[in-house]
Amino acid sequence: MDYSQFLAMKQEIGLLIVFLLVFLYDTFMPKKALNATAGFTCVVFAIYTLVSFCCLSACETVSAFSGMYTTGPVMSTIKNILNVGVLIVLIQATQWANSEFQIMRRGEFYELLLLTLFGMYLMISARHFLLFVIGLESASLPLAAMVAFDKQHYESHEAAIKYILTAVFSSAVFMMGLSFVYGLTGSLYFTDIYAGIGAEHSVMLIMALAFVISGIGFKLSLVPFHLWTADVYQGAPTSVTSYLSVISKGAAAFAFLVILVQAFGLAYSQVWEWMLYALIILTITVGNLFAIRQRNMKRFLAFSSVSQAGYIMLGVIAFNTTGLASMMYYILVYIFSNLAAFGVIGAIENATGKVNMDDYNGLYKTNPKLSFAMMLAMFSLAGIPPFAGFFSKFFIFTGAIQQGSTAIYVLVLIALINTIISLYYYLLVVKAMFINTENECVIPTFRSSCSERLGLWITVAGILLLGIVSFFYNSILSMTSSGGIMIDL
Amino acid sequence: MFDNILIYFVVIPVLMLAGVALCKNVKQIRAVAVVGSLALTALSVYLLLDYLHLRHVGATAQMLYTGSWAWFTPLNINLSVGVDGISIAMILLSSIILLTGSFASWTIAQPKEFFLWLILLSTGVFGFFISIDLFTMFMFYEVALIPMYLLIGVWGSGNKNYSAMKLTLMLMGGSAFLMLGLIGIYYHSAPEGQPLTWNLLEIARNGAISENWQLFLFPMTFVGFGVLGAMFPFHTWSPDGHASAPTAVSMLHAGVLMKLGGYGCFRVAIYLMPYAANELAWIFLILTGISVVYGAFSACVQTDLKYINAYSSVSHCGLVLFAILMLNTTAMSGAIMQMLSHGLMTALFFALIGMIYGRTHTRDIRQMGGLMQIMPYLAVCYVIAGMASLGLPGLSGFVAEMTIFVGSFQQGMTDYLAGAGSLRLVFTIIACCSIVITAVYILRVVGKLLLGPVYDDHHRELTDATWWERLSTATLIICVAAIGCFPNFFINLIKFTFSPEIFSVLNFTQHSGIASVLGMN
Chain A
0 MDYSQFLAMK
10 QEIGLLIVFL
20 LVFLYDTFMP
30 KKALNATAGF
40 TCVVFAIYTL
50 VSFCCLSACE
60 TVSAFSGMYT
70 TGPVMSTIKN
80 ILNVGVLIVL
90 IQATQWANSE
100 FQIMRRGEFY
110 ELLLLTLFGM
120 YLMISARHFL
130 LFVIGLESAS
140 LPLAAMVAFD
150 KQHYESHEAA
160 IKYILTAVFS
170 SAVFMMGLSF
180 VYGLTGSLYF
190 TDIYAGIGAE
200 HSVMLIMALA
210 FVISGIGFKL
220 SLVPFHLWTA
230 DVYQGAPTSV
240 TSYLSVISKG
250 AAAFAFLVIL
260 VQAFGLAYSQ
270 VWEWMLYALI
280 ILTITVGNLF
290 AIRQRNMKRF
300 LAFSSVSQAG
310 YIMLGVIAFN
320 TTGLASMMYY
330 ILVYIFSNLA
340 AFGVIGAIEN
350 ATGKVNMDDY
360 NGLYKTNPKL
370 SFAMMLAMFS
380 LAGIPPFAGF
390 FSKFFIFTGA
400 IQQGSTAIYV
410 LVLIALINTI
420 ISLYYYLLVV
430 KAMFINTENE
440 CVIPTFRSSC
450 SERLGLWITV
460 AGILLLGIVS
470 FFYNSILSMT
480 SSGGIMIDL
Chain B
0 MFDNILIYFV
10 VIPVLMLAGV
20 ALCKNVKQIR
30 AVAVVGSLAL
40 TALSVYLLLD
50 YLHLRHVGAT
60 AQMLYTGSWA
70 WFTPLNINLS
80 VGVDGISIAM
90 ILLSSIILLT
100 GSFASWTIAQ
110 PKEFFLWLIL
120 LSTGVFGFFI
130 SIDLFTMFMF
140 YEVALIPMYL
150 LIGVWGSGNK
160 NYSAMKLTLM
170 LMGGSAFLML
180 GLIGIYYHSA
190 PEGQPLTWNL
200 LEIARNGAIS
210 ENWQLFLFPM
220 TFVGFGVLGA
230 MFPFHTWSPD
240 GHASAPTAVS
250 MLHAGVLMKL
260 GGYGCFRVAI
270 YLMPYAANEL
280 AWIFLILTGI
290 SVVYGAFSAC
300 VQTDLKYINA
310 YSSVSHCGLV
320 LFAILMLNTT
330 AMSGAIMQML
340 SHGLMTALFF
350 ALIGMIYGRT
360 HTRDIRQMGG
370 LMQIMPYLAV
380 CYVIAGMASL
390 GLPGLSGFVA
400 EMTIFVGSFQ
410 QGMTDYLAGA
420 GSLRLVFTII
430 ACCSIVITAV
440 YILRVVGKLL
450 LGPVYDDHHR
460 ELTDATWWER
470 LSTATLIICV
480 AAIGCFPNFF
490 INLIKFTFSP
500 EIFSVLNFTQ
510 HSGIASVLGM
520 N
């Protein structure tokens with residue numbers, strides 16, 4: 000075996016080095032130095048993110064291990080986007096990781112988190128379903144441990160059990176689909192499958208795709224596979240929830256696109272376009288309608304993220320380079336907006352333990368800066384200009400409509416009407432903070448920690464700049480459209 | 000980029016935002032607001048004169064001061080600006096109302112946040128009027144909508160939570176349709192094989208939107224903008240929203256934001272899709288005709304001053320859309336005049352109502368009376384506004400409505416004689432009735448509120464207008480009278496857009512009257 004093939008996996012190797020550094024630091028450093036574990040991880044990861052960002056321009060399309068693994072500019076970009084998100088999560092988690100109950104286990108939190116990120120890297124780069132499944136499992140099993148991190152809370156345990164059961168179940172469904180695919184084509188390489196299914200659309204293929212899509216649908220919490228989402232988001236520690244809602248979702252969405260395009264591209268118009276069509280409508284609508292009634296902020300954001308996943312899927316159904324670029328951009332913007340929201344929730348939870356929307360009444364009077372950040376996050380999630388969310392929504396719709404069929408116009412119209420519903424519940428949060436100021440404010444004035452403020456400043460800067468500064472979207476789009484959607488992935 | 004004068008209409012509000020954010024006390028905030036809006040007003044007056052001068056020396060381009068800067072290049076999105084007489088009229092209107100609105104909110108609570116949102120709103124308004132790129136236009140359009148939620152929700156009165164949410168959701172619902180319409184236009188903006196564009200002028204020049212697509216996209220955009228133009232049956236946000244909003248917000252919203260709807264319908268829906276405008280005009284004529292009459296009738300039975308004016312706005316803004324749908328130059332010029340006139344007059348109304356409410360703490364006309372004896376200045380201003388509203392010659396309302404009805408009648412007759420049905424004629428006659436109904440509700444208010452005996456003896460101690468109130472109302476009255484006395488000046492301003500060489504792009508072939516009917520100077 001030619002070991003130099005491993006050099007293709009530069010980003011994975013970099014991540015492993017970060018992981019090992021954190022692991023060694025956590026294991027062998029004297030107890031006093033352990034107080035800096037969080038800071039150490041953030042710094043090392045920031046350096047890694049920066050280096051991998053700088054290497055982006057030199058990135059070429061390479062594949063290794065006889066085509067099982069491929070990386071290229073587009074994949075490096077999505078990995079970089081995830082890196083930025085993880086960095087923000089790490090910064091925001093500092094305060095929580097150093098709290099009294101987590102202090103013994105904070106090292107494990109960082110190690111598990113980096114491991115799951117590694118799994119997501121594999122999911123993105125895999126061009127063989129075996130490697131993909133390895134990535135999928137290593138991205139989801141450690142997450143269950145992270146969900147259960149709040150040992151002293153009953154909800155955290157319940158959430159972990161729910162999460163692991165659904166993860167395992169969805170993997171089983173997914174692999175059931177794979178066995179069908181293998182039966183059809185005799186291979187698990189994406190290229191072979193692409194060639195093998197050809198123009199023939201047997202019932203077997205439809206079954207296979209149904210299983211594969213539902214398997215990943217669980218990860219993405221698409222309706223009707225979303226039932227675990229709210230409970231897990233609510234029970235998990237806020238830092239884990241934010242990780243789960245943006246990074247895990249973003250990686251799964253991209254991997255989903257890769258599978259559908261690379262392996263099942265030929266079955267697009269006759270099989271999975273319609274499956275996705277139904278899933279998107281259900282996901283956006285049900286997610287939105289359920290979010291309206293939520294009073295717990297984490298459950299609220301859980302349903303909001305369900306519906307956001309539907310919008311991300313619009314980039315997949317577009318099936319063109321604009322859609323691909325818009326999806327990546329959407330993920331980037333979504334990371335910043337959602338992390339801003341979770342940053343505020345986490346800061347308030349750490350300081351006061353309050354997570355209900357009613358507790359946010361009059362927040363503007365006591366904590367104007369936090370409520371301002373929250374408002375920006377809500378506006379960005381709802382797609383209000385001049386914040387980044389508007390641009391990402393507009394572009395994802397533009398990408399979808401480029402596909403051109405009448406059905407897509409109907410789908411986009413449904414999605415657009417849903418943005419109005421979503422605007423309603425996002426405005427409820429704004430209303431609680433800014434308008435409901437008559438009664439006593441539940442949350443007293445407090446000063447959040449440095450790390451929390453840093454995280455919020457980064458996310459707020461992202462919300463304000465990612466849209467107006469056209470560099471980000473332009474560079475993603477020009478990169479994806481330099482080749483066809485098939486070649487580049 | 001910064002050598003284009005139009006950019007400063009966005010730059011100045013952004014600087015004002017930064018200025019207000021840095022302010023320490025209320026005096027500084029007032030200073031920033033007044034200086035900024037004075038600068039905007041001065042700039043727009045300069046723009047107006049310079050534009051007329053350029054036209055006078057023979058500039059023939061459809062839009063002047065055009066500029067275009069790449070933004071999202073792969074999607075052909077540019078930051079394109081350019082104005083013609085119509086946009087300049089709207090910009091002038093916006094800056095005047097922003098200025099008077101700043102004076103009207105002299106003593107508002109939480110001034111810093113209030114002015115931040117108010118200025119953000121006006122950033123959107125100015126940006127909308129200077130853009131000729133559909134994407135930029137839409138972006139600024141939405142920027143102008145969302146601050147309304149907080150402005151009404153925090154500083155409003157009455158049933159403010161309900162009204163704020165209703166207004167925001169309905170307007171955003173309109174913009175959802177609009178967004179689909181605009182993206183659809185983009186993908187049909189150029190003939191096969193040529194690069195797509197978001198630029199209004201290029202799309203109109205290409206004329207590549209096929210007839211079937213026009214029939215689909217026209218209702219999307221017209222309804223999208225029409226919601227903001229208070230078109231029946233999407234007008235219900237307007238009375239609640241205006242009634243709950245604080246004074247300056249009512250002024251800006253009724254005075255300027257509702258014009259965004261009319262302007263958008265004209266500039267995007269009709270201008271880009273003339274075929275569908277011709278085909279589908281009848282549906283929207285019926286709807287806007289209903290707005291005109293229904294709004295006026297509703298105003299007759301309201302007892303809350305703000306509701307009266309909100310319904311009167313529905314009626315008057317309905318007239319704007321109604322006139323635009325005549326697809327006739329005279330009526331369209333009238334529509335633009337009506338936008339100007341209604342903007343100024345309704346701002347004056349809302350300013351006065353705010354001042355009266357601030358003193359009497361009630362807006363119910365049944366609980367007030369004889370205010371003429373107590374606060375003669377405000378009462379006289381109210382009468383002048385009322386007279387403008389019911390179309391007294393010499394004030395702005397007369398010029399606008401006269402032009403509209405002459406144009407509509409002309410078009411109605413042309414249709415009728417050409418055997419194209421009598422719908423326009425019938426609806427013109429119906430809409431004409433609204434003048435009479437307007438007189439009913441205006442005179443009713445004037446009689447009950449201002450004249451007659453003093454209803455409540457507590458009101459006798461109330462004071463007349465303060466200097467800043469006098470300043471803002473006097474400015475508006477001067478503008479209203481200026482339009483009424485010198486209509487030719489304004490007709491000249493917008494005439495060029497309706498000149499045959501520009502207007503023929505629209506090519507409403509079925510109606511022969513268009514090219515022959517020039518402006519009315």
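Those protein sequence lines, which keep their order, are chains A and B.
Here the first sequence is numbered in numbering that gives the first Met the number 0, starting from 0 and rising by one per residue.
Here the second sequence is numbered in numbering that gives the first Met the number 0, starting from 0 and rising by one per residue.
Ideal placement from N, C-alpha and C gives every residue a C-beta, glycine not left out.
Residue i: contacting residues in chain B (beta-carbon distance under 7 angstroms)
i	result
Asn520/A	Only positions 0 to 488 of chain A appear in the structure, and residue 520/A is not among them; the question remains open.
Leu415/A	Ala175, Met178, Leu179
Ile77/A	Result: empty, since nearest Cβ-Cβ is about 18 angstroms, beyond 7 angstroms.
Assigned secondary structure, residue i (DSSP; H/G/I helix, E/B strand, else coil)
i	result
Ser404/A	coil
His127/A	strand
Ala69/B	strand
Leu394/B	coil
Asn604/B	Residue 604/B lies beyond the range of chain B shown here (0 to 520); nothing can be said about it.
Ile413/A	helix
Gly155/B	coil
Gly368/B	coil
Gly512/B	Annotation note: pLDDT 37 at Gly512/B (below 50); position unreliable, coordinate value reported separately. In this structure, Gly512/B counts as helix in the three-state DSSP scheme.
Leu226/A	coil
Asp463/B	coil
Thr360/A	As written in the sequence, residue 360/A is Asn, which differs from the Thr given in the question. In this structure, Asn360/A counts as coil in the three-state DSSP scheme.
Asp455/B	coil
Asn366/A	coil
Asp303/B	strand
Asn349/A	helix
Amino acids of chain B, ordered along the chain, whose beta-carbon sits closer than 8 angstroms to that of residue i
i	result
Phe389/A	Met138, Glu141
Phe396/A	Met178, Leu179, Ile182
Any chain B beta carbon closer than 9 angstroms to residue i
i	result
Pro384/A	yes
Phe64/A	no
Asp487/A	With a pLDDT of only 49 at Asp487/A, under 50, the local geometry of the prediction cannot be trusted, and no value is derived from it.
Val132/A	no
Tyr408/A	yes
Ile280/A	no
Test: residue i CB closer than 9 angstroms to a CB of chain A
i	result
Ile537/B	Since the first and last residues shown for chain B are 0 and 520, residue 537/B lies out of range.
Thr220/B	no
Leu202/B	Residue 202/B is actually Ile in this sequence, not Leu. Judged by the 9 angstroms Cβ criterion, Ile202/B is not in contact with chain A.
Phe102/B	no
Thr235/B	no
Ser67/B	no
Paired residues, beta bridge with residue i - DSSP
i	result
Asp132/B	Asn198/B
Ile76/B	Phe71/B
Tyr68/A	Ala63/A, Ala125/A
Leu63/B	Val82/B
Partner residues on chain A for residue i, Cβ-Cβ distance less than 7 angstroms
i	result
Gly172/B	Ile419
Met344/B	Those do not exist, as Met344/B stays about 31 angstroms from chain A at its closest Cβ, beyond 7 angstroms.
Residues that residue i contacts on chain A, provided the C-beta gap is smaller than 8 angstroms
i	result
Thr167/B	Leu422, Leu426
Met164/B	Tyr423, Leu426, Lys430
Listed by chain order, chain B residues near residue i by CB distance under 9 angstroms
i	result
Ile400/A	Leu179, Ile182, Gly183, Tyr185, Tyr186
Residues of the region 139-159 of chain B whose Cβ lies closer than 7 angstroms to any Cβ of chain A, in chain order: Glu141, Val142, Ile145, Tyr148, Leu149, Gly152, Val153
Where the region 449-477 of chain A meets chain B: residues whose CB sits under 8 angstroms from a CB there: Residues Ser469, Tyr472, Asn473, Leu476, Ser477.
Residues in the region 418-429 of chain A having any Cβ partner in chain B nearer than 8 angstroms: Thr418, Ile419, Leu422, Tyr423, Leu426, Val429
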